[in-house]
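Enquirer: Right, I'll just put the structure down here and ask away after.
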């Protein structure tokens, strides 16, 4: 008899599991249960519908060829039954049945299974704040959410938006709303935007860009309530740092795994709140598989359990499940916790462990900040990017990377992702035979240069201070010298560190003018990207100076105040 | 006493070795011997000077900050002595001396060394053809070559250019010359352009794009002579396939390692004509190191010796040499043979073994062709790319990749490069946690989809035919059916395979209209990218059809004739 496969959830992992199962077993009886009307929409595309980049929301619900993925499509093309507008209410694991209710007609039914797939996704978290039920307080999870926001914006009376939560979705929607002419304020409880993804100096770099684009960023700020007007709409958001005018509010404080159906049925739920699955994507019941945003998984570096909802991962889970549920054997080992966002003219990506996360996980870490143009510097549209690498001092293994800038970020991130997955050391990274021609990269790709700077630090060839460390020394009024090895015109153009203890000697003059540099103080060298800073350090070292360090990332990655006068 | 380091060659590996050595040993006495005036110019940028993308050739000779890398720069900034306009004539290994001659003054000198670095680069090969010495017959290796071409073009009487050699430089310069208004013909001896880098179907794909841009491509064509006019200029190029008008000729038939100095001194030269070095970049004389375009090296996959001159590699060599020559220990394991080129609206990259090279090396190979948009299909500027993966059937390890198209090629290539370097299997590639957001990639990145298609083939889930294989079957008039699973409007738009045995049934109708498909013949399924082709195959398989295969890469990667009528 044909095996009965039932899939609950019709967005990413669900349809992928079902389609793969069909291709593996032409005889299987496959059913997808989905509470909405349409299956397999691209949730990640919703911000681009709001921005207008995707003019018709149907594009998010179609195949690349414009065919809507409705029940007829699944039946005709894939011979998969879809029960849409249908809610799975209960799983009876003994009888191997799913109890359903049609959300339109209220009709109840029971669907038997041999194998069950839970692809119930994530649920946006609603913080317990007064006013979250007011009109024009939105979330952004479903197609209907995006349509509701679009409709509100089209009325033309929305001028000020407050986004509660500075995570990926909050930041993506910020650009969309600014494009639609709104004044946007992001309110974030933590000390920086994208707090789980970026260390503070990298986040500060991104914040700088958002502020430049007219966005207001309030960090370390708690929302106490959303204030309504007399018509039940929104008027303002009240925080512990004051009131912010708002005609609309987007609540984007994160997503939680939607596990109720599974946990009610007694399936194991893990420390991160997701269903527990093994490498085969089996839950604690071997006849029930789960994947996508409702499961938690292993982070391949550091090996903790993490909850990282991603459409890309959900699709991979679906393929593994579709193979295993039809008698095959495939595994999914885990994720790195990769995230990437385009916001205005900046791209910002992260993978693996941040410096903070690595320290918390007990690693003795060494980091570097390395800015450089993303193509041969003479090539017309070369743009800068800044790379932060995080490595384990002892094993020299890469633990993570954060890359931000107007240039090409995703390529370097994907290289690091691949390298970390295979357990690469920083040294391995430095000699990769990456594709080089002037339109694509510098001769020494940015990621290779970053690796080499980190190798120098790991080898003890030079000490580097992070921007925060130098800022701290300045704030503490330590008695040290900052040697700025740039030419005066650069300082006038992009500014210098705002401190009295800066000495400016262009690199080419350092040997001659060394008598201007005191021998009894610590010297922190720097330049635009700190390559000349590093060279200056090595020159001074050669002249017998001993207390030397360079500023990681140079002026390009200095996230604090700067002034444009000569020291 | 300070160690004496002498470096011969001042372009890429040489200055890098010297700079690294200086940073590692502040006391060393370091000298660079260079026959030209200027050091460290970006040879790879010359085509972009000819095209006008780089308006001032000085940009190729400057640091990113506009400082010319002349002798004063090296002395002041790096405390490195440069003997420019100086030719190294002989190495006396016993006395450890280099005999030099100043090419301007004719003055001879002897420079003693403790350690010597040979970074003598490559030399353009000059084929023994009548007429190669005529005016306006150019090469493109040195700054002066690019300036000479530019000067000739500025005179305005050059209309027709013939490029002899369809390798990377030939193809790069083609775009530059077309941008300058010339009619360009590439004459290539082999059966395709970029023959060492791309298999024939991928090369054909690129040829199609060049032809579309008005370039004439003559393959399998031998140049017999360059015909001069009465003024000693060029008039035409004579080939075994006829005469081609030419007002200028670029000879770009490849580069040979420049090893004479080393081989005259008795250093080992390998089968590829390059100096033999070990992982530490030491030649057969432990006091002499060599790197850059004058050495041959190990290809990390397949493990043959190869000669792959690349500025990126030369820089990496330089760092390793600079470390080792000052008492450190670093190694360079080898290259993959990566190459990439931007030509008009196409990017084309390759790494590792081509299908042809892998077969020649004795591998039992499985390949796939996978076309897809490079970003989420709904994202505004998504553009297609086509990926060819080459893997070893037995170990399932990746051996190589070729990627071509208007979309983002270099990112996927760099991922494959990193994966191959760490010995990845196709399965490893498929679950990488690559960076996903709609502006950067599809949810399943192109490289992941390509890996999954190849896994299906390796697992025996479906048989794929390459375009050449299907073309061969057609040419042999085999009795089989091509099932085109696209919608009629697609066929009218992008065309179909030009054959009588094509049946068109859109995927959604395949189940219903299966009676139109004969059961006793072999069926080859396809669509735009062969995803629907693959689904159609699985549907027919489920209905009991047995002799099934799909066309790798679908219509998008079909490099042969097509017609736009319905079958």
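Chains as they are written, first to last, in the working numbering: chain Y, 513 to 1079; chain A, 513 to 1079. Where a beta carbon is used, it is the ideal one built from N, C-alpha and C, also for glycine.
1. Closer than 9 Å by beta-carbon distance: list the chain A residues that pair up with residue 589 of chain Y, in chain order.
2. Can you check whether the C-beta of residue 721 of chain Y is within less than 8 Å of a C-beta belonging to chain A?
3. Quick one: what's got a C-beta closer than 6 Å to residue 1034 of chain Y's C-beta in the same chain, skipping five residues either side?
4. From the DSSP output, read off the bridge partner residues of residue 862 of chain Y.
5. Let me check one thing: in DSSP terms, what residues is residue 620 of chain Y bridge-paired to?
6. Counting pairs of Cβ atoms below 8 Å between the region 900–915 of chain A and the region 703–715 of chain A, do you hit three or more?
7. Which residues, in order along the region 770–804 of chain Y, keep a beta-carbon less than 7 Å from a beta-carbon of chain A?
8. Candidates A/910, A/519, A/588 and A/854: which alpha carbon is nearest residue 1023 of chain Y's?
9. Using the Cα positions of residue 623 of chain Y and residue 915 of chain A, report the straight-line distance between them to the nearest angstrom.
10. Using a 10 Å radius around the Cβ and a threshold of 16 neighbouring Cβ atoms, would you call residue 627 of chain A buried or exposed?
11. Name the chain Y residues whose beta carbon is nearer than 7 Å to that of residue 572 of chain A?
12. Can you give me the C-alpha to C-alpha distance between residue 647 of chain A and residue 683 of chain A, rounded to a whole angstrom?
13. Going by DSSP, what residues sit across from residue 600 of chain Y in a beta bridge?
14. In chain A, which residues lie with their C-beta within 7 Å of the C-beta of residue 951 of chain Y?
15. Of the residues that make up the region 543–566 of chain Y, which ones have a beta carbon closer than 9 Å to any beta carbon in chain A?
16. Would residue 1026 of chain A count as contacting chain Y if we go by Cβ distances under 8 Å?
17. Identify the contact partners of residue 822 of chain Y in chain A, using a Cβ-Cβ distance below 9 Å as the criterion.
18. Quick one: which residues of the region 954–978 of chain A get their C-beta closer than 8 Å to a C-beta of chain Y? List them in chain order.
19. Using only alpha-carbon positions, find the residue among A/954, A/927 and A/540 that is nearest to residue 889 of chain A.
20. I want to verify the contact list: residues of chain Y whose CB lies under 9 Å from the CB of residue 885 of chain A, in sequence order.
21. Among A/519, A/561 and A/809, which one has its Cα closest to the Cα of residue 546 of chain A?
22. Are residue 658 of chain A and residue 562 of chain A touching if we call contact CB-CB under 8 Å?
23. Of the residues that make up the region 923–940 of chain A, which ones have a beta carbon closer than 7 Å to any beta carbon in chain Y?
24. Per the DSSP calculation, residue 561 of chain A is bridged to which residue(s)?
25. If you check the beta carbons only, do residue 808 of chain A and residue 801 of chain A fall under 8 Å apart?
26. Of the choices A/976, A/1041 and A/998, whose alpha-carbon is the least far from that of residue 958 of chain A?
27. Note down, in chain order, every chain A residue with its Cβ under 7 Å from the Cβ of residue 861 of chain Y.
28. How about residue 848 of chain A: is its C-beta nearer than 8 Å to some C-beta of chain Y?
29. Does any residue of chain Y have a CB that is nearer than 8 Å to the CB of residue 538 of chain A?
30. Contact check, residue 797 of chain A vs residue 605 of chain A under 8 Å by CB: the rounded distance?
31. For residue 867 of chain A, does the count of other Cβ atoms within 10 angstroms reach 16, so buried, or fall short, so exposed?
32. Do you know how far the Cα of residue 949 of chain A is from the Cα of residue 752 of chain Y?
33. Would you say residue 827 of chain A faces chain Y, with C-beta separation under 8 Å as the test?
34. On a CA-only basis, which of Y/1076, Y/1077 and Y/1072 is nearest residue 720 of chain Y? Give me that one, please.
35. Tell me whether the region 831–846 of chain Y and the region 532–547 of chain Y touch, counting them as touching only if at least three CB pairs, one residue from each stretch, are closer than 8 Å.
36. My guess is that residue 532 of chain Y and residue 835 of chain Y are in contact by the Cβ rule of under 8 Å, so how many angstroms apart are they, rounded?
Expert: Straight from the coordinates:
1. 1019, 1020, 1022, 1023, 1044, 1047 and 1051
2. no
3. 992 and 1059
4. Y/851 and Y/914
5. Y/613
6. yes
7. none
8. A/588
9. 46 Å
10. buried
11. 890
12. 22 Å
13. Y/612
14. 854
15. 554, 556, 557, 559, 560, 561, 565 and 566
16. no
17. 945, 948 and 955
18. 955, 956, 957, 960, 964 and 973
19. A/954
20. 576
21. A/519
22. yes
23. 923, 925, 926, 927, 929, 930, 931, 933, 934 and 936
24. Bridge partners of residue 561 of chain A: none, in fact.
25. no
26. A/1041
27. 947
28. yes
29. yes
30. 6 Å
31. buried
32. 33 Å
33. yes
34. Y/1072
35. yes
36. 6 Å
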